[in-house]
Amino acid sequence: MIRLPRPLNKDIESDVWIDEDIWGHRLYDEQTPWLTFLEFLGIVQSEAVEGRAFVEKTYNALKYNTYNRLYLRNILFNNPHLDAILAEPIDNDNQWKKWFEHIQDNCGGIASPDFSYLKERFSSFRDFVQAVKFLQSSSIEGDSNKRWSSKFVFPYGPHCLYEDLRVTNNQASNDRRFFARTGELLYLMFCRAKRGQDVLFYLKKLGLVDNKEFNKFHLSKWDRLVATLQPDKDSQIIERNRTSPYLPYLSLPEYDKLAEDWISILGCDMPDYDAIPHLVTVTGLHIIIYLLNRAKETLKQKPQPTFILEIVAPEKTVVRDLAASSFLENNNLSKEAIKEHIRAIEHTSEWGECEVAHDPLDSAFDLLEKSFAWPKAKAKEDAVGISSLDKLLDYLCKKAITRHETHLGKFHRTWSKEIGLSSSRGSRRIRYAPTDSLLKTLVLCTVPFRMEFQEFLSELHSKYGFIIGDRQAIETINTGTADQEAFSENARRLEQRLISIGLLKRLSDACAYVQNPFAMEDFQ
Amino acid sequence: MNSSHSCKASNWIRFLRQYGPIPRNDNMYDEAIQRVLKRHKEISAIRFEPAHLKELVDNFKSNDPYSVILTGTAGDGKTFYCREIWQALLGSLDQWDSSKKVQYASVGDKTLVVIKDLSELTDEKNDCLKKMVDAITGNNQNEVYLIAANDGQLMEALASVNSDIDITPIRKEIENLLVLDKRETQKFKLFLYNLSRLNAAHIFPKVLEAILEHPGWNECSQCPFQESSEGSLRCPIIENKKRLEDKLFQNRLIDLLELCELNGLHVPIRQLLILLANAVLGHSDAKDKLMTCEEVPRILKEKKASLASVYSNILGENLSARRRESTTIFEVLGRFGIGNESSNRIDNMLIFGEDDPELSNDYKALVGIDPYYGANASYRNLQKAYLEGATPEEQQQFLDLLKIQRQRLFFTIPEEQQKEMHLWQLTVFHYAGEFLNNIYQALKEKKTERISNVVVAKIVRGMNRIFTGLLVNNKDELILATSGSFSQAKICRVFEEFISVQKKRGEYITLELDSDSNKPTLVVSLSANTNMQKAKMLLNLTRYEYLCRVAEGALPNSFSRECYEDILAFKTRLLRQLFARRQEEREEGESENYMVLRLITELDSNGMLHNPYSLEVNI
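First to last, the sequence lines map onto chains A and B.
The working numbering puts the first residue of the first sequence at 1, with every later residue one more than the last.
The working numbering puts the first residue of the second sequence at 1001, with every later residue one more than the last.
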């Protein structure tokens, strides 16, 4: 594995660089998989316009432009008076007039707003309202209590992509509140995956990214509807001077596996945008695996995390307990990794030199600044009263863990819940217990056409480290914590679940096949 | 009658009892039956003509025989078929040795290799399968194979064959045959007979006849309990046998089995034998819950003959709940919920019928008429107590009896009263009768005109509610709608198209019998263009029930999650066809600077969607 150099200390904005050293800059728990996907799509789109999508000429030097689309966003998410105006007993022209007045006074982020272009694009105010309502109903985070500038229209196509912003009066700025670079890391992963360009082809084919190879009508009518809500000038790219994200490794099997799964999903014959939720889910899963794998490497454990999955049973089972322990164990990995990563410095010759130096602490501050971008001046201020090198490292560990726990430490928990991998249903402990929609995604990614059920279980194990049936649980069974029966029951429950969502065909009591409904010629 | 009278225990009854759901169910296995028959020469076997036997034998007799794989679930008769084929080919069973795992015989100029159970093979398995592969690919002209295996073992064995040649294509082909329910392949010299595809409803009459006409019953002619006498009823075994001879009872049982098959639940022959043995001999108070001749005098003396009700035995009610649920046939029949489901009409009649002038005629004809299992003394006593204020204990006893009565009614309500009494409300599937008679039978008899518009209209209304997520009432056209983002969203307001039920420019919606599976299928045609495939969906009992209930007001998500997903998947396929049609016919005039979007915004006061809201946009 080739590790790429991290950014120079002068370019690092944070006061210590440890999480970032292991996982990159950065994974952020509050950026949900959906928001990560949107940030990612925005980058693909603007890089595609520049003709360099998924091409990384200089490593970790990504600089991209972006879209604001503030007219659209004000109309969709900062526009509470539509219904009231429509209900007023005034004619069409007056409805428009009244609304223009409202929106001009209340919109945000736009200097000298002018919404008059809308009137000639819709045959009536009522039509306009219907269109807005329709787009609102399918929006992302539309119902959440996030600020209006952090709500997103469904990604029907290039005209729907824009950046999360902070809006004050007529100013808009990127505060990285919800677009916190996780999408940038995702983008870099695809740049470095072997099949990145294949993914790009599919994204263009689906019409998510603008493209000249497909004709204009290739873009969906919904994308065009969204475009209609924007004045022509609003489609412009905004140039931003920004720092670049950092993804530490040049190539990893995780990048390739992620791309392979995307291609499996995008290769299925699904209508509309049905592929998108599956892409979001599987991205979440791969990033969780990426997170755990980096932690395991740091801890010098063998890679490929395992997840014991409970297929939810009506009552408490042994597997439920094991799934909860499995969750807890994985959840603690990143924190352990932080300690290990810091403590590893003790075994270096440089640290040894510090120990025998004239002023050990001072030399150590120098070394720690070099290694972890902990600015010496700041460190000296923080660590006042510390007398030994060991205590200093202790202090740094504590500091790093506190920082870690505010965001990255919550990542595994938040994301596994978001993608339907974990749940606390019927129990006080969180455990791995997949939802139906995750199961569906897994089938699309794993079963090209049809696959015998036991083979499916073993594929899930080798691809994702999922332990469901007794054959995969051999190690656990051998420790004596559970018997074979408990896990074969678990597998039987999975079978029932798959049948109930139309993904499994049982031929007899001895033989069952998992089927990918979107790969099939004839689905019955 | 003097109950100390003892009867001579019948060998036949003892033999039949071995087929029942008893702990040592010896007649589970062909080998065991053969052993008993060898020991007791006076008993003749239960025999009926097995399906496909002749064509199988003819195949092996022909000049160019194909190898045969017999698959099926436990109890489908795989070993039985092997033995029968052997006997038909060699004329006798002299050389048949059931202890041998692989047997050889010369048939014509070839060697027939019979493996009666693939899972018995251990070390020789790999070798055998390799040779079989040679035989079916035509590389080995000297041998022809007959292999019996359940499908799971077969696929696993094939996956682990260690051979110099790549057998994946063969494995894939066999998998295809299995999954797609096909018998032959163009590619190999092989027939695959899946005995699990034999329809239990078709075999059942043969098994029933073989049992009812069995010479063993002659032994009973000497029995003092064969007829009722003063103070005592007749032997319940004889009573049950006589009742099973009733055509109405038989037909209703066949209906249930037919519905099971239509619902994809297979019942092996062994289970049919268990069913019948239990029907005749079941008694909740007997040893192992199955009567022996020795117990009959005691049962009669204690006046417990009514506990042998054949109508409840059919559903395994005489057994413990655990045994009932672990026996395939009773688990499968149990899904109909007969006895637990009811209607006010039936329950009123059962409870108040004796005294209520409006109900008394029905009561007399349906309950009073049967003093054995119907209005017998214990029923009437508890009924009376129930009406006059019973103890909680008596109440419970009466409710238990009600269940038994409902089960009896399900099998005895005459054909002509079926509709009026809402017979199928005694099951979970209220629309099962409709499904069986108005759809399945009508299709089978090619009386498609009998499939009334009402049936299709109901299906269409149900689908429309699922497709849109709105309480629409349209029934003459299918509404295709999406959410704009996900085709499978719960609520879909983006209107795509109406598809007419009546024939109209190539569009139509109808029911057909699927030529492969012989099951009812909903067919939606979107275009007269023959290049465009029609969209088809298998309509099984559960799906039909689901659609009907949704059409009558149930919420799409409430009755069956599985059906909901199935129907949404079907919608996805319809949409795909619609988009294909649009491309084919260049339907939608897209324009550079103008477009129309159609949304479902409101329904009229009758819940009908007439025209979607058209939204015009200038780009």
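All C-beta atoms, glycine included, are put in the ideal place defined by N, C-alpha and C.
Because the structure is a prediction, the values reported are computed rather than measured.
{"query": "For Glu1031 of chain B, the three-state DSSP class (helix, strand or coil)", "result": "helix"}
{"query": "Euclidean distance between Cα positions of Ile22 of chain A and Tyr249 of chain A", "result": "10 Å"}
{"query": "Cutoff 8 Å: Phe1330 of chain B Cβ touching any chain A Cβ", "result": "no"}
{"query": "Residue-level contact to chain A via CB, Ile1619 of chain B, 8 Å cutoff", "result": "yes"}
{"query": "Residue environment, Arg1252 of chain B, which counts as buried when at least 16 other CB atoms sit within 10 Å", "result": "buried"}
{"query": "Classification of Pro537 of chain A by the beta-carbon crowding that lies within 10 angstroms, buried from 16 upward", "result": "Past the boundaries of the shown model lies residue 537 of chain A; chain A is included only from 1 to 524, so the question cannot be answered."}
{"query": "Contact list for the region 313–343 of chain A against chain B, Cβ threshold 7 Å", "result": "none"}
{"query": "Limits of the beta strand (DSSP E) - the one that Val1550 of chain B falls within", "result": "First-last for Val1550 of chain B: 1541–1551, but that is the alpha helix (DSSP H), not the beta strand (DSSP E)."}
{"query": "As assigned by DSSP and simplified to three states, the class of Ala172 of chain A", "result": "strand"}
{"query": "Near-chain A residues of the region 1479–1490 of chain B (beta-carbon distance less than 8 Å), N- to C-terminal order", "result": "Thr1482, Ser1483, Gly1484, Ser1485, Phe1486, Ser1487, Gln1488"}
{"query": "Stretch pair the region 424–436 of chain A + the region 449–464 of chain A: three plus CB contacts closer than 8 Å", "result": "no"}
{"query": "Residue ranges of each beta strand (DSSP E) within the region 108–193 of chain A, 3 or longer", "result": "166–168, 171–173"}
{"query": "His404 of chain A, DSSP secondary structure in three states", "result": "helix"}
{"query": "Nonlocal neighbours in the same chain, by C-beta distance under 6 Å from Trp222 of chain A, ignoring five residues either side", "result": "Tyr156"}
{"query": "Leu1443 of chain B beta carbon less than 8 Å from that of Glu1545 of chain B", "result": "no"}
{"query": "Contained beta strand (DSSP E) runs [length at least 3] in the region 407–464 of chain A, N- to C-terminal order", "result": "450–452"}
{"query": "Bridge-paired residues (DSSP) for Lys376 of chain A", "result": "According to DSSP, which records beta bridges pairwise, Lys376 of chain A is partnered with nothing at all."}
{"query": "Cβ of Ser1525 of chain B within 8 Å of any chain A Cβ", "result": "no"}
{"query": "Inter-residue Cα distance where the pair is Tyr1379 of chain B and Glu1562 of chain B", "result": "41 Å"}
{"query": "Contact with chain B by Asp509 of chain A, beta-carbon distance below 8 Å", "result": "yes"}
{"query": "Proximal residues of chain A, C-beta to C-beta of Glu1173 of chain B below 8 Å", "result": "Those within 8 Å of Glu1173 of chain B in chain A number zero; the least Cβ separation is about 14 Å."}
{"query": "Test item: CB-CB of Leu367 of chain A and Ser334 of chain A under 8 Å", "result": "no"}
{"query": "Segments assigned beta strand (DSSP E), at least 3 residues, entirely inside the region 1031–1095 of chain B", "result": "1067–1071"}
{"query": "Beta-carbon proximity list for Ile237 of chain A, same chain, < 8 Å, skipping 5 on both sides", "result": "Ser46, Val49, Asn65, Thr66, Tyr67"}
{"query": "Phe449 of chain A burial status per 10 Å Cβ neighbour count (16 or more: buried)", "result": "exposed"}
{"query": "Chain-ordered residues of the region 1261–1295 of chain B with a beta carbon less than 8 Å from chain A", "result": "His1266"}
{"query": "Rounded straight-line distance, which links the Cα of Glu489 of chain A to that of Leu1276 of chain B", "result": "32 Å"}
{"query": "Counted within 10 angstroms of its Cβ, other Cβ atoms place Phe523 of chain A as buried (16 or more) or exposed", "result": "Per-residue confidence for Phe523 of chain A stands at a pLDDT of 36, beneath the threshold of 50, marking its modelled position as unreliable; the derived number appears in the next sentence. Classification for Phe523 of chain A: buried."}
{"query": "Cβ-based contacts, 8 Å cut-off: residues of the region 227–258 of chain A near chain B", "result": "Ala227, Thr228"}
{"query": "Element boundaries [beta strand (DSSP E), containing Met1537 of chain B]", "result": "1535–1538"}
{"query": "Extent of the continuous alpha helix (DSSP H) run through Ser1614 of chain B", "result": "No alpha helix (DSSP H) contains Ser1614 of chain B, which is instead part of the beta strand (DSSP E) from 1613–1618."}
{"query": "Limits of the unbroken beta strand (DSSP E) element including Pro1520 of chain B", "result": "1520–1525"}
{"query": "Contact with chain B by Pro277 of chain A, beta-carbon distance below 8 Å", "result": "yes"}
{"query": "CB contact flag (Phe487 of chain A, Ala473 of chain A, <8 Å)", "result": "yes"}
{"query": "Near-chain B residues of the region 160–173 of chain A (beta-carbon distance less than 7 Å), N- to C-terminal order", "result": "none"}
{"query": "Beta-carbon proximity list for Phe518 of chain A, same chain, < 6 Å, skipping 5 on both sides", "result": "Cys268, Asp269, Met270"}
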